[in-house]
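Residue numbers (this note's numbering), protein chains in the order written: chain A, 92 to 186; chain B, 33 to 285.
Spelled out as structure tokens, the structure:
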């Protein structure tokens, strides 16, 4: 089968109710119905989840890897953005 | 035949359908057209093998002669297998394989559902409840593929039409009840396959309509499997299926 007939899909699985869908991999399929079935067969064989999303890989807009430094490095030295400078009252316990 | 022997025979008929079709699907291992289907075919084969195991184990227990699931699966002669002819048909191509799966799942899913709802036997109801969910997936998966191949490229449509011509004549046997099955129906152990026919007809008509396939007229329906009269392919299938237990009796892993 040619890849034009079976484009690439990204697969997202939600492991349990209350958790969010997580990217687990990709596969080739002709359309969304078959992509969901293949995702079920390829990625949930061992009880990995209870919900599946698939999305055409070509529909994902990705950040440019060559622009990673301007994108992400400016955040590295701004530690005050982490909420780690608060006194937590004992009564609150673990947060 | 005693009542137990009749019940055992009727259960083994279903187990043989599951074992032989499961084995056919396992033959795709390493040969599937794409990785995604490699796993799908193996998954479905394993579902069927699991159903066969549960039924053989229970049949052996009912029989009370100490035959294990392995004895029943691996150590009978060809004429003692009671599967319908449809499930032993060769894989040929992906179109044949998926159509065979559709024909069987469209029958077996409602059959398991009926067994789960109405069998007088608690163990069978339990096996059926689990198997019903498995076959519901087989039905959806094979149906989607038959639609896409039937209404696909020139080549896929031609292959799908060939598969219909070849396999449709084997579907009538699904609805025939052997003497053992007739007794099991009377006893309330298993439903009459005839009660599944309307559902099966509906399912196949819906899929064929979407797949732009034409239901063929069957002039000579094929049957014989329930009497142990199999096609030539069955011997080759059993040679591979039984080889390990014949060559190394009692072998486990």
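Beta carbons are placed, not taken as given, at the ideal position from N, Cα and C, and that holds for glycine.
Under the three-state DSSP convention, the category residue i falls into
{"i": "residue 138 of chain A", "result": "coil"}
{"i": "residue 225 of chain B", "result": "helix"}
{"i": "residue 119 of chain B", "result": "helix"}
{"i": "residue 34 of chain B", "result": "coil"}
{"i": "residue 176 of chain A", "result": "coil"}
{"i": "residue 9 of chain B", "result": "Any property of residue 9 of chain B remains undetermined from this structure, which presents chain B solely from 33 to 285."}
{"i": "residue 217 of chain B", "result": "helix"}
{"i": "residue 107 of chain B", "result": "coil"}
{"i": "residue 246 of chain B", "result": "coil"}
{"i": "residue 14 of chain B", "result": "Since the first residue of chain B shown is 33 and the last is 285, residue 14 of chain B is not available in this structure."}
{"i": "residue 280 of chain B", "result": "coil"}
{"i": "residue 252 of chain B", "result": "coil"}
{"i": "residue 189 of chain A", "result": "As shown, chain A starts at 92 and ends at 186. That puts residue 189 of chain A outside it, with no answer to give."}
{"i": "residue 110 of chain A", "result": "coil"}
{"i": "residue 96 of chain A", "result": "coil"}
{"i": "residue 46 of chain B", "result": "helix"}
{"i": "residue 266 of chain B", "result": "helix"}
{"i": "residue 60 of chain B", "result": "coil"}
{"i": "residue 54 of chain B", "result": "helix"}
{"i": "residue 232 of chain B", "result": "helix"}
{"i": "residue 271 of chain B", "result": "helix"}
{"i": "residue 241 of chain B", "result": "helix"}
{"i": "residue 125 of chain B", "result": "coil"}
{"i": "residue 258 of chain B", "result": "helix"}
{"i": "residue 132 of chain B", "result": "helix"}
{"i": "residue 152 of chain A", "result": "coil"}
{"i": "residue 113 of chain B", "result": "coil"}
{"i": "residue 181 of chain A", "result": "helix"}
{"i": "residue 210 of chain B", "result": "coil"}
Cross-strand partners of residue i (DSSP beta bridge)
{"i": "residue 101 of chain A", "result": "A/117 and A/146"}
Whole-Å CB distance - residue i paired with residue j, under 8 Å assumed
{"i": "residue 110 of chain B", "j": "residue 267 of chain B", "result": "6 Å"}
{"i": "residue 84 of chain B", "j": "residue 51 of chain B", "result": "4 Å"}
{"i": "residue 199 of chain B", "j": "residue 118 of chain B", "result": "7 Å"}
{"i": "residue 187 of chain B", "j": "residue 123 of chain B", "result": "18 Å between Cβ atoms; not a contact."}
{"i": "residue 244 of chain B", "j": "residue 208 of chain B", "result": "About 30 Å separates the two Cβ atoms, so there is no contact after all."}
{"i": "residue 159 of chain B", "j": "residue 222 of chain B", "result": "So it is not a contact: roughly 12 Å between Cβ atoms."}
{"i": "residue 78 of chain B", "j": "residue 39 of chain B", "result": "That belief does not hold up - the Cβ atoms of residue 78 of chain B and residue 39 of chain B are roughly 27 Å apart, past 8 Å."}
{"i": "residue 45 of chain B", "j": "residue 210 of chain B", "result": "6 Å"}
{"i": "residue 41 of chain B", "j": "residue 212 of chain B", "result": "4 Å"}
{"i": "residue 167 of chain B", "j": "residue 216 of chain B", "result": "That belief does not hold up - the Cβ atoms of residue 167 of chain B and residue 216 of chain B are roughly 20 Å apart, past 8 Å."}
{"i": "residue 71 of chain B", "j": "residue 133 of chain A", "result": "5 Å"}
{"i": "residue 139 of chain B", "j": "residue 206 of chain B", "result": "5 Å"}
**Prompt:** Do the segment 248-267 of chain B and the segment 95-114 of chain B make contact, defined as three or more Cβ pairs closer than 8 Å?
**Reply:** With the cut-off at 8 Å, the segment 248-267 of chain B and the segment 95-114 of chain B touch.
**Asked** Counting Cβ pairs closer than 8 Å, one from the segment 53-64 of chain B and one from the segment 86-98 of chain B, do we hit at least three?
**Response** Result no; under three Cβ-Cβ pairs closer than 8 Å.
**Message:** Could you check whether the segment 153-165 of chain B touches the segment 173-193 of chain B, counting it as contact only if at least three pairs of C-beta atoms, one from each stretch, sit closer than 8 Å?
**Reply:** no
**Message:** Could you check whether the segment 170-182 of chain A touches the segment 134-149 of chain A, counting it as contact only if at least three pairs of C-beta atoms, one from each stretch, sit closer than 8 Å?
**Reply:** no
**Request:** Report yes or no: do three or more beta-carbon pairs, one from the segment 64-73 of chain B and one from the segment 138-152 of chain B, lie closer than 8 Å?
**Result:** no
**Three-pair Cβ contact test at 8 Å for the segment 220-237 of chain B versus the segment 124-131 of chain B** = Contact between the segment 220-237 of chain B and the segment 124-131 of chain B is absent, because fewer than three Cβ pairs lie under 8 Å.
**Request:** Could I get the ranges of all uninterrupted alpha helix (DSSP H) runs contained in the segment 62-109 of chain B, with 4 residues as the minimum, in chain order?
**Result:** 67-95 and 101-106
**Asked** Is it a yes or a no for the segment 96-110 of chain A touching the segment 146-164 of chain A, going by three-plus beta-carbon pairs under 8 Å?
**Response** Yes, the segment 96-110 of chain A is in contact with the segment 146-164 of chain A.
**Prompt:** Three or more C-beta pairs closer than 8 Å, one from the segment 160-177 of chain A and one from the segment 111-124 of chain A: is that the case here?
**Reply:** no
**Item:** Touching by the beta-carbon criterion (3+ pairs, under 8 Å), the segment 265-283 of chain B and the segment 96-111 of chain B
**Value:** yes
**Request:** Entirely within the segment 144-204 of chain B and at least 4 residues each: give me those alpha helix (DSSP H) ranges in chain order.
**Result:** 154-182 and 186-199
**Prompt:** Looking at C-beta atoms only, is the number of pairs between the segment 153-165 of chain A and the segment 196-215 of chain B that lie closer than 8 Å three or more?
**Reply:** no
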